[in-house]
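Presented below is the structure to which this report refers.
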RNA sequence: GCGCCGCUAGCUCAACUGGUAGAGCAACUGACUCUUAAUCAGUAGGUUCGGGGUUCAAGUCCCUGGCGGCGUACCA
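Residue numbers (the numbering used here): 552 to 1065.
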């Protein structure tokens, strides 16, 4: 470990060799220059290709060296930038022995270089830069992964920089993510929504049913929660007189992880004064239809085996009707005791303390959700499940709520927002009873929020979209990890890890460094 | 959480019922003036995830811990 002998094998040897090459390159020119002025990026050269060949003008291009194909006195090398790949051509007769040899001998795969030269087309028709000058922009001391097999799923997520460097389609996917979010902002802005920012650190968590992350503020000497939703703050904005607001923000939920769940995820919440949930359904259709047009094929999107069509009006079905379709029974007419039995018959696990509506919700998740492939609004839910939604204007026991399902997962959740402060207080109290009975996801009573409501909130429609899931849908990605640059993962390495203990830290500090 | 499967060179993977750990890519040396998974000849590279056990002998079997994938449960 303190051995001074130079490594002659494995990764250490590769790094050592590359450092030596770096030092030799540094004798001639700065190894880490501060800038490189490009005239074009790869897609721009590709677009202007013929004109650039005809004019013979000089181009300056920079990228990562992805292969070296040496032919003795010439060398071809593909260079990647964000938008794609462009081949460059080194020729000894043109560059001179020294400059050519430096490229041939001292460049490694993964190095970042800048070139200047003129464009030509090779015999096989590939657009190529004939290099007249080149310089190192940064050396890759570590080798790139192997080039013609996929990296393991784990490495792709864990070393996203390498996934991005190696896989054009991965770069494309994240560029598309960015475009979709930009498009959403544009659409909401055009609809008169104001983008606002609300606290991620909250003294009380609310607006959804989930277990929170807890953290601590030293100066205030208090525990804070990472938000599970923005809802209660955005409604305060509506109370204050903003007409339409939205926020695209990370929420944090301390729950399991799987193909559609990451502990931190991006949620779009939007609230509009004087709207109800019908208006929000219309808004959802407008947003998704436009996204479908821009990012799909005339409003249609391929997701696995399914083709989802956003161009037609979405199906609307009442929650209880969907359940009736699935079970063949009108569950509203079934007594509580019989309902539990019926649920078990359909393979739903019914636990003690689950209310009637909770059982219905379980049945819905298992029996109905997976079959909702085409965009479907499921509306008018049982009241107990929705403590922030307004009572249904016609049917007692229900609330004005809808969830939008696509490809078997929930994409959005929306209500006519409850704005009667006394009713809201009763709903919170009911939640507290659930909490007392052991439901650790029940919502907390938020006096400050209630006081805001007591000042008067206009009738309001609200909605929350799972942005990551939306991105999955429009990129045909089947795991949330594929649309998050850095999904949550356990740290790798170190066997002994007594939770960042002083003991480990001390050990790390006292051990000799390489 | 639980269940199943996996972890071998920098990367992607082999190694049968336990018997000298291999290949391709990357690297190194050399040849080659339009290649594109460049090609050709040669070289080097391993604590087989960690720890313990069984055995004459363990990548392989057993126990235990770590990390991951998939399924399942709660949730967006």
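For each residue, glycine too, the CB sits at the ideal point set by N, CA and C.
Here the structure is a predicted model, which means the values were calculated and not measured.
Apart from the five residues just before and just after residue i, which ones in its own chain have a Cβ nearer than 6 Å to its Cβ?
i	result
residue 1019	816, 817, 1031 and 1034
residue 870	929, 931 and 932
residue 1057	The predicted model places residue 1057 with a pLDDT of 35, which falls under 50 and marks its position as unreliable; any figure quoted below should be read in that light. Here the set comprises nothing.
residue 838	738
residue 614	630, 631 and 632
residue 758	780, 782 and 783
residue 819	799, 1016 and 1018
residue 607	669
residue 774	765 and 767
residue 804	761 and 779
residue 1003	787 and 790
Classify residue i as buried or exposed, calling it buried when 16 or more other Cβ atoms lie within 10 Å of its own Cβ.
i	result
residue 581	exposed
residue 881	exposed
residue 777	buried
residue 1037	exposed
residue 943	buried
residue 561	exposed
residue 832	buried
residue 771	exposed
residue 556	Note that residue 556 scores a pLDDT of 39, beneath 50, so its modelled location is shaky; the value from the coordinates is reported in the next line. Under this definition residue 556 is an exposed residue.
residue 828	buried
residue 699	exposed
residue 622	exposed
residue 962	buried
residue 665	buried
residue 997	buried
residue 1040	exposed
residue 964	buried
residue 704	exposed
residue 916	exposed
residue 922	exposed
Check whether the Cβ atoms of residue i and residue j sit closer than 9 Å, and answer yes or no.
i	j	result
residue 585	residue 610	no
residue 695	residue 715	no
residue 939	residue 978	yes
residue 638	residue 673	yes
residue 660	residue 682	no
residue 725	residue 680	no
residue 850	residue 866	no
residue 572	residue 690	yes
residue 914	residue 894	yes
residue 983	residue 975	no
residue 654	residue 671	no
residue 876	residue 919	yes
residue 846	residue 727	yes
residue 868	residue 1024	no
residue 688	residue 566	no
Is residue i near the ligand NAD - that is, is its Cβ less than 8 Å away from at least one heavy atom of it?
i	result
residue 604	Among the ligands in the structure shown, none appear at all, so the ligand NAD cannot be discussed.
Between the options, which lies nearest to residue i when the distance is taken from Cα to Cα?
i	options	result
residue 643	652, 636, 716 and 635	652
residue 883	946, 743, 698 and 782	946
residue 782	632, 1011 and 605	1011
residue 798	736, 827 and 792	736
residue 985	1041, 936, 999 and 810	936
residue 686	953, 826, 600 and 589	589
residue 993	965, 596 and 981	981
residue 1008	971, 1039, 998 and 1024	971
residue 593	577, 636 and 825	636
residue 926	675, 843 and 754	843
residue 991	811, 756 and 836	756
residue 834	649, 721, 741 and 811	741
residue 801	836, 814 and 705	814
residue 969	989, 988, 1005 and 750	1005
Among the residues of its own chain, which have a CB less than 8 Å from the CB of residue i, if the five just before and after it don't count?
i	result
residue 796	744, 745, 746, 747, 785, 788, 789, 821 and 822
residue 1028	724, 1022 and 1034
residue 1061	Any reading at residue 1061 must be qualified, since the residue scores a pLDDT of 34, below 50, and its modelled position is unreliable; no value is offered.
residue 879	none
residue 901	891, 894, 895, 910 and 913
If I measure Cβ to Cβ from residue i and keep anything under 7 Å in the same chain, skipping five residues before and after, which residues do I get?
i	result
residue 857	924 and 958
residue 911	874, 882 and 933
residue 616	628, 630, 658, 660, 661, 662 and 664
residue 753	775, 776 and 778
residue 1001	972, 975 and 976
residue 825	1009 and 1010
residue 650	none
Taking contact to mean at least 3 C-beta pairs separated by less than 8 Å, is the region 854-862 in contact with the region 950-969?
yes
May I ask you to verify whether the region 757-776 touches the region 726-744, counting CB pairs closer than 8 Å and requiring at least 3?
no
With three or more C-beta pairs closer than 8 Å as the rule, is the region 704-713 touching the region 618-636?
no
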